[in-house]
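Residue 377, in the numbering used here, is where the sequence shown stops; the numbers in between run on with no holes.
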Amino acid sequence: MIAWSLGRVLVVARKELLQLARDRLTIGMMVMLPLMQLLLFGYAIDTDVRHMPTLVADSDRSPQSRDLARRLEATGYYDLVGQVADYAQISREFAAGRARVALVIPAGFAKNLAARRSTELQLVVDGSDSQVVASATQTASSVVAAWSAELKVQRWQQPATEPVTLNPATWYNPDLRTAVYIVPGLVGMILTMTMVMFTSMGIVRERERGTLEQLIVSPVRSLELVLGKILPYVLIGYAQMTLILGAGTVVFSVPFVGSWPLLFLLASLFIAANLALGMVFSTIARTQQQAMQMSFFFLLPNLLLSGFMFPFEAMPSPAQWLGQTFPLTHFLRIIRAIVLKGATLPELWPSVAALAAICVVLTAVSALRFSKKLG
């Protein structure tokens with residue numbers, strides 16, 4: 003029996019360190035991943051939602067109604083992005099993602115205050131994100147309550163009566179159920195993880211086994227080879243999306259009020275973008291382990307900066323700029339708008355255009371790198 007030796011342990015440990023030192027990709031990830039987590043969690047993540055795009059439906063158009071709107075904007079929680087005339091316009095702006103909150107001021111608001119009659123305002127909030135609902139309703143209620151208290155002291159002689167009250171209304175998710183918000187987003191997260199990781203690992207695995215070179219010298223053209231490699235993953239992506247949304251509807255009662263064909267059509271852009279990214283990773287990674295590491299390294303900022311877990315509006319501007327470069331950010335807006343709000347293509351056009359541009363860029367980069375690798 004060989005006696006235990008610290009020297010042999012140190013020799014093996016030195017050999018392992020030398021092997022790690024030669025793997026620059028792994029070393030880079032070991033250094034960058036903790037730094038990225040520190041920056042993301044410490045700087046970019048903030049659950050205190052500010053600068054919520056807000057509409058004003060002012061049927062009174064009086065100095066008092068304008069003063070109230072300015073008071074809301076002065077808090078820093080609301081950015082007034084436009085005036086609308088009715089609830090139909092609010093619905094269209096919500097579906098397009100251009101607004102998250104709407105303040106509805108009825109006609110006769112100033113006259114009721116002058117006659118010392120109580121008036122009720124309404125705050126309509128996009129309930130597809132429960133954190134936005136909490137910030138929007140709490141802050142607006144505080145502002146209206148403070149303003150009402152001022153009016154009571156200055157003009158009213160009825161201490162028990164509130165001059166102005168606020169009635170919050172939550173659209174799309176009135177019960178604020180977490181599943182309604184999470185399940186559509188989960189489709190995007192799972193597609194990102196599976197499309198990027200399985201594509202990159204699959205191509206690297208072919209190269210490790212030598213079968214990729216056999217395909218290259220076969221009569222199969224490069225385009226046919228690429229399309230044949232990614233087609234199964236496209237079908238897998240559609241199957242995953244159908245399964246998650248179907249199970250979410252049956253098990254968690256997540257409403258689906260939009261168009262399935264439109265969702266499948268726009269999902270093709272998202273799937274194509276992630277497959278192209280997976281192909282780019284496959285040209286960089288030398289082993290399946292490296293391909294998996296790169297996929298997880300890419301997944302973390304997607305998880306935190308896309309709006310999947312934290313409200314996009316709560317992030318600082320640099321984090322939002324970075325998040326706009328991820329396909330997942332735009333797909334989350336698309337799928338939540340279709341599933342929960344019944345959005346149509348004209349309402350989704352800005353997100354669709356951004357996702358299409360990202361898809362074109364990633365496809366071009368992957369085609370160039372993959373062709374160079376095959377060559």
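Glycine residues also receive a C-beta, built at the ideal position from the N, C-alpha and C atoms.
All figures in this text were calculated on a predicted structure; none of them were measured in a lab.
> Can you tell me whether Q156 is buried or exposed, with buried defined as 16 or more other CB within 10 angstroms of its CB?
Replying inline: exposed
> CB-CB under 6 Å to G344, same chain, minus the five flanking residues each way: which ones, in chain order?
Replying inline: V259, G260
> If we call anything under 8 Å between Cβ atoms a contact, is D383 one with A316?
Replying inline: Because the chain in this structure spans residues 3 to 377, residue 383 falls outside the shown range and cannot be described.
> The alpha helix (DSSP H) with D69 in it runs from where to where?
Replying inline: 65–76
> At what residues does the beta strand (DSSP E) containing M54 begin and finish?
Replying inline: 54–60
>> Measuring straight from C-alpha to C-alpha, what distance separates L324 and G309?
In response: 12 Å
> For the 8 Å Cβ check, are there 3 or more pairs between the segment 117–133 and the segment 96–108?
Replying inline: yes
>> Let me check understanding here. Comparing Cα to Cα, which of D177, G239, Y174, I184 lies closest to F200?
In response: G239
> Given 8 Å as the limit, is there contact between the segment 271–278 and the segment 360–375, that is, 3 or more CB pairs closer than that?
Replying inline: yes
> Are the Cβ atoms of V182 and M243 separated by less than 8 Å?
Replying inline: no
> In angstroms, rounded to a whole number, what distance separates the CA positions of M54 and D81?
Replying inline: 6 Å
>> Using a 10 Å radius around the Cβ and a threshold of 16 neighbouring Cβ atoms, would you call S150 buried or exposed?
In response: buried
> Shortest alpha-carbon distance to A356 belongs to which of I92, F328, R338?
Replying inline: F328
> With burial defined as no fewer than 16 other Cβ atoms inside 10 Å of the residue's Cβ, what is the status of R119: buried or exposed?
Replying inline: exposed
> CB-CB under 6 Å to N276, same chain, minus the five flanking residues each way: which ones, in chain order?
Replying inline: T194, M197, V198
>> Give me, in chain order, the residues of the same chain whose beta-carbon lies closer than 7 Å to that of R94; leave out the 5 immediate sequence neighbours on both sides.
In response: E349
> Any idea what DSSP makes of G84, helix, strand or coil?
Replying inline: strand
>> Please list the terminal residues of the continuous beta strand (DSSP E) segment that includes P170.
In response: 166–173
>> Taking 6 Å as the limit between beta carbons, can you name the residues of its chain near S67, skipping five residues before and five after?
In response: D60, I107, F111
> In chain order, what residues of the same chain have a beta carbon less than 7 Å from the beta carbon of L1, not counting five sequence neighbours either side?
Replying inline: Nothing about residue 1 can be read from this structure; the chain reaches only from 3 to 377.
>> Rounded to whole angstroms, what is the Cα-Cα separation between A249 and W262?
In response: 15 Å
>> Do V146 and T77 have their beta-carbon atoms positioned less than 8 Å apart in this structure?
In response: no
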